[in-house]
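Using our numbering, you'd call the opening residue of the sequence shown number 122 and step up by one each time. Glycine included, each C-beta is placed from N, C-alpha and C at the ideal position. These numbers were taken from a predicted model, which means no experiment stands behind them.
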Amino acid sequence: MFFNSNSNRMIKKLIYVSVLSFIFLITGCRSKTTERIDITNKLLGKDKHLEVQKTNRNTTHIGVITNSNYGTTHSYSYKFTVNNGDIDWDGGTAEPKHLLFCKDSVYIHYLKEKYISVKSKDSIGNIVEKDGYYAVQDVFEVYIDKRYFFKFFGDDYWVEVSSEKYNLQKESCTEYNIPNDNELSLPSIIID
Numbered sequence: 122m123f124f125n126s127n128s129n130r131m132i133k134k135l136i137y138v139s140v141l142s143f144i145f146l147i148t149g150c151r152s153k154t155t156e157r158i159d160i161t162n163k164l165l166g167k168d169k170h171l172e173v174q175k176t177n178r179n180t181t182h183i184g185v186i187t188n189s190n191y192g193t194t195h196s197y198s199y200k201f202t203v204n205n206g207d208i209d210w211d212g213g214t215a216e217p218k219h220l221l222f223c224k225d226s227v228y229i230h231y232l233k234e235k236y237i238s239v240k241s242k243d244s245i246g247n248i249v250e251k252d253g254y255y256a257v258q259d260v261f262e263v264y265i266d267k268r269y270f271f272k273f274f275g276d277d278y279w280v281e282v283s284s285e286k287y288n289l290q291k292e293s294c295t296e297y298n299i300p301n302d303n304e305l306s307l308p309s310i311i312i313d
């Protein structure tokens, strides 16, 4: 024999590593992410200035050797400010739709995707399958500002309210549309 058992093991390891490296190079991907920030300004009434910032991210996965495009994913996030920091909102992937200005409060209406978990059970009652889907939902919030001393101390935050409360406030307040790209919308309900 030309090789002893130690050499055979080394050759097998070398072949194994070579095959794995080759598979990795063929199936391996590199990612390229591009980010674009769009800023939209809007005058609300006579004394309010709205600045909406939308960040778009596109990530493309390209094969290392094949240079094939294995897919592109798109994500976005929204945030806005009113009067340069008097009111701030960072909704992430939620899409703002309306701002409602009342005498002593501010409300927001936005849409967001929520994951709905669905579990199916067999006849005995054991959970057989967990599945789910995403559904677009309306969300309504009121702005709470507990800041003081030139807004250096304290907190400001948003608290969820019911759609009924929001709609009741609409009767006596001023509602403005928030600029957005309408990536989220509620499904149409058709009544026969």
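- When the Cα atoms are used, residue 218 and residue 231 turn out to be separated by approximately 5 Å.
- By the Cβ criterion, the stretch 184–194 is not in contact with the stretch 205–225, since fewer than three pairs of Cβ atoms, one from each stretch, lie closer than 8 Å.
- With fewer than 16 other Cβ atoms inside 10 Å of its own Cβ, residue 254 counts as exposed.
- For residue 191, the enclosing beta strand (DSSP E) stretches over residues 190–203.
- In the displayed model, residue 143 falls within a helix according to three-state DSSP.
- Going by beta carbons, residue 174 and residue 143 fall outside the 8 Å limit.
- The closest CA to that of residue 284, considering only 165, 156, 229, is found on 229.
- Per the coordinates, the alpha-carbon of residue 277 lies some 6 Å from the alpha-carbon of residue 267.
- With the rule of 3 Cβ pairs closer than 8 Å, the stretch 235–254 does not count as touching the stretch 178–188.
- By the CB criterion at 8 Å, residue 197 and residue 226 fall outside the cutoff.
- Annotation: residue 153 to residue 179 spans about 8 Å, alpha carbon to alpha carbon.
- The continuous alpha helix (DSSP H) containing residue 289 extends over residues 284–291.
- Residue 164 counts as exposed, since fewer than 16 other C-beta atoms from the protein chains shown sit within 10 angstroms of its C-beta.
- If you draw a straight line from the Cα of residue 130 to the Cα of residue 151, it comes to about 33 Å.
- Residue ranges of uninterrupted alpha helix (DSSP H) with 4 or more members are absent from the stretch 236–274; none lies entirely inside it.
- Judged by beta-carbon spacing, residue 257 lies beyond the 8 Å limit of residue 309, meaning their Cβ atoms are not closer than that value.
- A residue is called buried once 16 or more other Cβ atoms fall within 10 Å of its Cβ, and residue 260 is buried on that count.
- Between residue 280 and residue 262, the C-beta gap is smaller than 8 Å, which places the two residues in contact.
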